[in-house]
Every structure is written in C-alpha cells, then in structure tokens.
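J.: These protein sequence lines map, in sequence, to chains A and B. The C-terminal residue of the first sequence carries number 147 in the numbering used here, and the numbering is unbroken. The C-terminal residue of the second sequence carries number 147 in the numbering used here, and the numbering is unbroken. Glycine included, each C-beta is placed from N, C-alpha and C at the ideal position. On a predicted model such as this, the values are computed, not experimentally measured, just so you know. Here it is: the structure, laid out below.
Protein chains: 2
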Amino acid sequence: MKALLLVAHGSRRQQSNDEVVLLAEKLKAICSEQYQIVHAGFLELADTLIPDGIKLCIDDGATSIIVLPYFLNSGRHVVEDIPTIVNETEALYPQVDINIASHLGASDKMIEILMSCANQVK
Amino acid sequence: MKALLLVAHGSRRQQSNDEVVLLAEKLKAICSEQYQIVHAGFLELADTLIPDGIKLCIDDGATSIIVLPYFLNSGRHVVEDIPTIVNETEALYPQVDINIASHLGASDKMIEILMSCANQVK
Chain A
26 MKALLLVAHG SRRQQSNDEV VLLAEKLKAI CSEQYQIVHA GFLELADTLI
76 PDGIKLCIDD GATSIIVLPY FLNSGRHVVE DIPTIVNETE ALYPQVDINI
126 ASHLGASDKM IEILMSCANQ VK
Chain B
26 MKALLLVAHG SRRQQSNDEV VLLAEKLKAI CSEQYQIVHA GFLELADTLI
76 PDGIKLCIDD GATSIIVLPY FLNSGRHVVE DIPTIVNETE ALYPQVDINI
126 ASHLGASDKM IEILMSCANQ VK
C-alpha cells in the first residue's frame, strides 16, 4: 500500500499545526485511490514528528511512502534536515521504500496557484 | 495599471529571498496581460520591505495593487502584520487601490499542487 506523509515545519501555534493535519485529511479524502494512507508529520514543535509519521504509515500497512515537504523555500530544512531524518528512519524499516518529493515551492504549478489567489480578489 | 506584489517573510539566507524575487519575475513574464507590474516585497530580513514594494509598484504607474502573501499558514504575519503594514502604507497613497489576496496556504488548488509534487517521484 502506498502512503503520503505531508511534512511541515511545525509551529508553537496549535492552529497552524491543525491546518496541516486538516490538509492531510483533505489529501486523504481526495487521493485515496492512489494513496491509501495519508498522515501529517512535523520537523519540530509538534507531537507527531517525522519518524512518528513514518511509523504511523507503516503501522497502517504502507509498503512505500512518499514524504511531501510542505515548505516554500529550499532552505536547510528541505536540503539537509528532512533528508537526514528520513534516511535515519528508513534504516529502521528496510522493507519499506521511502522517497522524498520536491518541496512545494519548487512546483511548476506555483504560478497557477498564485494567479488563482490574486484573481479571487474582488 | 494593475500590479501584483508578492510578499514573502524574508530570510537571512539570501538564496531564499532570491527564490522569491525569481518567482515574481516568472509571474511577471506569464501574467503580463493581466498584471502589467509585478514586484516582490518582504515582511522582514530583506532589502525590499512591503512599503518599498508598494512604492516600486506605484513608481511604475500602478493604480491598483494586489498584495499576494506567499505564506502557508494563517499565522500572525498573515492575519495581523501584513494587513497592518499594507493599511499604513495605503494611507500614504490615497489615489491607489490596494487589496490583500488570500495567503497561498488557503488556496483550493493546494491539494492539486501537492499531488503534482508527489506524482513526480519516480
């Protein structure tokens, strides 16, 4: 079974973390044919850290996991921290294939989504 | 003339700020029919702050400006800081109409862009 793990930075504001969890739930509802398992995980400042999120996916039966970094910039978190944590965690589960997707900010569709935000202004 | 001002947080890492400026340039290239003027501005930690970005747009001839918050979460920056700065700056230019779009994270298209990132993983 294929899983998506949406990974955000994490915030001291519970509402910010809740928004990410809600987004993961929306993803799950919409993409269930392609990804049977969807969870949210955080780099820091939240209860479910990245290794916890990976474990949740595996406990649900995931055999492959795509980690999806919900980050706009290719900073240290995207380039170093997330890959390091994912690699360390992957070593604990050799039977599971884990890959990291491009971070959100690198998407070709960013222009489209920004135009959509701008065009909704009355 | 209509302008877009892409507003990001700003970072001590010059590369992060450069990525935002590059994104604004892509927006300009693609959306020039609808928005003749596009600039980037930052909340902090960068040379071009939000009032500077608004002034750049006005100096280029903007009569209306849409401020586009390049933020994922509806935190204090989106809810309080950006509106306060935009309102204070707008008061200096009563002839210009300035509106703030929804922040990026609130877009209905977020699911689509995340799926696109996930599906690019081999």
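(1) Just reading off the beta strand (DSSP E) that V92 (chain B) is part of, what are its end residues?
(2) Give a yes or no on whether 9 Å exceeds the smallest Cβ distance from Y95 (chain B) to chain A.
(3) At 3 residues or longer, and completely inside the segment 111 to 144 of chain B: list those beta strand (DSSP E) runs for me, N to C.
(4) Since S57 (chain A) meets chain B, which of its residues come closer than 7 Å, beta carbon to beta carbon?
(5) How would you write the range of the alpha helix (DSSP H) that G78 (chain B) sits in, first residue to last?
(6) Please state whether the Cβ-Cβ distance between H34 (chain A) and H102 (chain A) is less than 9 Å.
(7) In the structure shown, what three-state DSSP assignment does V146 (chain A) receive?
(8) What's the call for N42 (chain B), buried or exposed, on a 16-neighbour Cβ count within 10 Å?
(9) Who does K27 (chain B) pair with in a DSSP beta bridge?
(10) So what does A33 (chain B) bridge to, in DSSP terms?
(11) Under 9 Å, do D122 (chain B) and T73 (chain B) count as touching if we go by C-beta distance?
(12) Given a cut-off of 9 Å, decide if V111 (chain B) and I75 (chain B) are closer than it, judged by their beta-carbon atoms.
(13) Tell me which residues share the same chain as L93 (chain A) and place their Cβ nearer than 7 Å to its Cβ, disregarding the 5 neighbours each side in the sequence.
(14) Would you kindly work out how many angstroms separate the C-alpha atoms of Q59 (chain A) and N98 (chain B), rounded to a whole number?
(15) Residues of the segment 45 to 56 of chain A with a CB closer than 7 Å to any CB of chain B: list them in chain order, please.
(16) From what residue to what residue does the alpha helix (DSSP H) around D43 (chain B) run?
T.: Short version:
(1) Counting along the chain, the beta strand (DSSP E) containing V92 (chain B) begins and ends at 89 to 94.
(2) Using a CB distance cut-off of 9 Å, Y95 (chain B) counts as an interface residue toward chain A.
(3) Listed in chain order, the beta strand (DSSP E) elements of length 3 or more contained wholly in the segment 111 to 144 of chain B are 122 to 125.
(4) Residues of chain B passing the Cβ test: none, with the nearest at roughly 12 Å.
(5) 75 to 84
(6) Using a Cβ distance threshold of 9 Å, H34 (chain A) and H102 (chain A) count as a contacting pair.
(7) Here V146 (chain A) carries a coil assignment [DSSP, helix/strand/coil].
(8) buried
(9) B:S89
(10) B:F67
(11) no
(12) yes
(13) L29, L30, L31, V32, A126
(14) 26 Å
(15) From the segment 45 to 56 of chain A, only L48, K51, L52, I55, C56 have a Cβ closer than 7 Å to chain B.
(16) For D43 (chain B), the enclosing alpha helix (DSSP H) covers residues 39 to 55.
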